[in-house]
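Chemist: Dropping a structure here in structure tokens format, bear with me for questions.
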Amino acid sequence: MRMWSRSLLLASTCALAMLTAAQGQTRLADNSTAPLRGPILAQSEPAERVVPEKQPYWSWFRYNSSVLATWKIEADPADSNIVHAKPTRLGLASPQRKVLVLYPRASSAYDVSITKIFNVFEDKLLDAEVTIANFKLDDKLGQEQIAKAEADGYDLILTMGSESTAWLWSKYKNGKLPVVSVCSKDPVVLGQSPGYDQGSGTNFAFTSLNMPMDVQMAYVNELKPKLRNIAVLVDSKNLSAVETQSKPVVEYAKKRGIRVLELSVNDPANAQTELTKLVSAATAQMQRNDPDLKNSLFWLTGSTSVFKEIDTINKYAGPVPVVAVVPEIVRDGDSTAAMSIGISFESNAHLAAIYSVDILNARAKASELKVGVVSPPDIAISFRKVRDIGMTVPLSMFEAAGTIYDYEGKAVRVDGANLSKKSN
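Counting with our numbering, you get residues 9 to 432 for the letters of the sequence shown.
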């Protein structure tokens with residue numbers, strides 16, 4: 009397993025930014041130097057600007073608006089399920105590389121991931137056009153995209169989400185183009201990689217949203233050293249979450265004599281109603297061996313249909329803390345988990361983007377890259393929620409947390425950096 013620290017990821021980006029600035033000053037000082045890229049877009053015919061929310065792709069493809077400062081993003085005129093993105097710094101020049109990103113559907117997790125990928129590609133000055141295609145997990149549409157990518161001279165495919173990764177693995181293992189997984193769960197548990205400390209031996213390079221279970225549970229033990237009950241919340245239809253985020257926790261806890269309550273949502277469209285019954289019943293069961301509920305917790309997996317109902321879960325969990333494996337579920341305000349211990353969509357996407365850049369620049373081979381896991385985990389804490397439920401946070405976890413929201417639910421630390429409050 010290739011363990012990547014968040015500080016290393018940030019340091020590589022900062023170092024490149026300083027180098028880029030120095031190079032920019034050199035070019036400005038030498039007027040005879042030809043532009044690094046093509047003519048600027050301002051020299052071409054100005055196009056009518058359409059706000060992203062009104063684009064035909066917005067129902068399935070979204071990103072942070074800050075991306076538009078460095079990328080030109082356009083819908084394919086012939087297909088609303090295809091989007092083309094090109095760095096504005098390229099101007100009218102043709103990109104040197106072509107990247108295809110395969111989406112299975114819309115997801116807020118993918119919005120975070122693609123935003124980070126755009127940012128890293130820009131930081132690395134990657135000369136690449138990025139095409140994003142929503143193949144809707146349709147075999148025919150997916151095969152058409154692969155064939156077109158090969159015919160049009162694409163250089164790399166990014167699979168967005170576990171569903172896309174599983175589909176492409178079954179259809180394109182040992183294919184012509186290198187593939188990098190992003191926003192996808194543990195490839196070893198899912199049988200896609202032979203081991204963490206070795207490459208796949210195929211055209212696939214894997215990254216993982218999961219962290220080693222013993223490491224993750226060590227943090228849980230620090231939070232609740234006398235843990236008696238753990239209720240695992242998962243979408244039964246989300247097979248990757250079941251296999252990599254639910255079953256391992258269940259097995260780990262049972263081996264250590266911890267009572268496990270498996271709470272599975274069977275109909276994602278009816279998740280709120282199901283969770284109302286499941287969580288309230290679980291809280292009542294926890295009180296049988298933990299009357300004051302001080303040694304119990306809810307374990308929230310990365311199932312979108314489940315974690316988007318965080319308000320419902322909190323309502324019926326009462327004083328029992330909700331701990332998520334996805335850091336993005338801890339956020340400002342009241343609609344938040346109390347804490348998260350896991351790998352964020354953003355950190356994982358950052359690593360996947362670096363893998364992609366290294367492969368495109370011939371610094372690495374997809375077949376040889378070890379499974380990419382960011383370590384230590386992204387810990388996020390909402391002290392507003394912590395106070396509401398009367399939970400205690402160990403000092404060591406407070407110090408290790410990269411993201412913290414204060415008692416008012418406002419961010420005071422983000423990505424390890426403390427935010428200064430503005431004085432009135």
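Cβ coordinates follow ideal geometry from the N, Cα and C atoms, glycine included.
Out of 161, 228, 88 and 96, point me to the one whose CA is closest to residue 140's CA.
Modeler: Taking only the C-alpha atoms, the option nearest residue 140 is 88.
Chemist: How about residue 449 and residue 387: are their beta carbons less than 8 angstroms apart?
Modeler: Missing from the structure shown is residue 449; the chain here goes from 9 to 432 and no further.
Chemist: Hey, is the segment 237-254 in contact with the segment 273-289, meaning 3+ C-beta pairs nearer than 8 angstroms?
Modeler: Segments in contact, yes.
Chemist: Mapping the DSSP letters down to three states, classify residue 346 as helix, strand or coil.
Modeler: Coil at residue 346, not helix or strand.
Chemist: Of the residues 291, 351 and 360, which one's Cα is nearest the Cα of residue 326?
Modeler: Ranking the options by Cα distance to residue 326, first place goes to 291.
Chemist: In angstroms, rounded to a whole number, what distance separates the CA positions of residue 106 and residue 236?
Modeler: The straight-line gap from Cα to Cα measures roughly 52 angstroms.
Chemist: Could you please give the first and the last residue of the uninterrupted alpha helix (DSSP H) stretch that includes residue 119?
Modeler: Start and end: 116-131.
Chemist: Taking all protein chains shown into account, do 16 or more other C-beta atoms lie within 10 angstroms of the C-beta of residue 416, making it buried, or fewer, making it exposed?
Modeler: It counts as exposed.
Chemist: Using a Cβ-Cβ cut-off of 6 angstroms (strictly less than) and excluding sequence neighbours within five positions of residue 254, which residues of its own chain qualify?
Modeler: So the qualifying residues of the chain are 240, 242 and 309.
Chemist: Please report the straight-line C-alpha distance between residue 123 and residue 335, rounded to a whole angstrom.
Modeler: Answer to the nearest angstrom: the Cα atoms are 16 angstroms apart.
Chemist: Please report the distance separating the alpha-carbon of residue 353 from that of residue 423.
Modeler: Cα to Cα, the separation comes out at about 13 angstroms.
Chemist: Report the three-state DSSP secondary structure of residue 90 (helix, strand or coil).
Modeler: If DSSP states are grouped into helix, strand and coil, residue 90 belongs with the strands.
Chemist: Tell me residue 96's beta-bridge partners as DSSP assigns them.
Modeler: Residue 96 is not bridged to any residue.
Chemist: Pick out whichever of 184, 146 and 172 has its Cα sitting closest to the Cα of residue 159.
Modeler: That would be 184, whose Cα lies nearest to the Cα of residue 159.
Chemist: Looking only at its chain, what residues have a beta carbon closer than 6 angstroms to the beta carbon of residue 173, apart from the 5 residues adjacent to it on each side?
Modeler: Same-chain partners within the cutoff: 167, 189 and 192.
Chemist: Is the CB-CB distance between residue 134 and residue 367 below 8 angstroms?
Modeler: Going by C-beta atoms, residue 134 is not nearer than 8 angstroms to residue 367.
Chemist: Just tell me which of 146, 98 and 225 has its CA closest to the CA of residue 260.
Modeler: When each option's Cα is compared against that of residue 260, the closest is 225.
Chemist: Using CA atoms only, rank isn't needed, just tell me which of 418, 372 and 378 is closest to residue 215.
Modeler: When each option's Cα is compared against that of residue 215, the closest is 378.
Chemist: Less than 8 angstroms between the CB atoms is what I'm expecting for residue 252 and residue 331, so what's the real figure, rounded?
Modeler: Not really, about 17 angstroms apart at Cβ, beyond 8 angstroms.
Chemist: Taking only three categories from DSSP, how would you classify residue 366?
Modeler: Note: residue 366 maps to helix in three-state DSSP.
Chemist: Which residue or residues does DSSP assign as beta-bridge partners of residue 433?
Modeler: Since the first residue shown for the chain is 9 and the last is 432, residue 433 is missing from the structure and cannot be characterised.
Chemist: Expressed to the nearest angstrom, what Euclidean distance is found between the alpha-carbon atoms of residue 374 and residue 177?
Modeler: Going by the C-alpha atoms only, they are around 13 angstroms apart.
Chemist: Would you call the segment 92-103 and the segment 60-70 touching, i.e. three or more CB-CB distances under 8 angstroms?
Modeler: Too few Cβ pairs lie closer than 8 angstroms, so no.
Chemist: Rounded to the nearest angstrom, what separates residue 338 and residue 391 at their Cα positions?
Modeler: About 10 angstroms.
Chemist: For the segment 340-352 against the segment 194-214, do three or more pairs of beta-carbon atoms, one drawn from each stretch, fall closer than 8 angstroms, so that the two count as touching?
Modeler: Counting Cβ pairs under 8 angstroms, fewer than three are found: no touch.
Chemist: DSSP three-state label for residue 71, please.
Modeler: Correct three-state label for residue 71: coil.
Chemist: Could you pull the start and end residues of the beta strand (DSSP E) that residue 197 belongs to?
Modeler: Note, residue 197: premise wrong, no beta strand (DSSP E); not H, not E.
Chemist: Can the beta-carbon of residue 293 be found closer than 8 angstroms to that of residue 301?
Modeler: Not a contact, by the Cβ cut-off of 8 angstroms.
Chemist: Go through its chain and collect everything with a Cβ distance to residue 119's Cβ below 7 angstroms, but skip five positions before and after it.
Modeler: For residue 119, where only same-chain residues beyond five positions count, the Cβ hits under 7 angstroms are 70 and 71.
Chemist: Contact check, residue 492 vs residue 314 under 8 angstroms by CB: the rounded distance?
Modeler: Lying before the first or after the last residue shown, residue 492 is absent from the chain, which here runs from 9 to 432.
Chemist: Report yes if the CB atom of residue 402 is closer than 8 angstroms to the CB atom of residue 350, and no otherwise.
Modeler: For residue 402 and residue 350, no; Cβs fall outside 8 angstroms.
Chemist: Have a look at 408, 393, 381 and 284 and flag the residue whose alpha-carbon is nearest the alpha-carbon of residue 203.
Modeler: The option with the nearest alpha carbon to residue 203 is 381.
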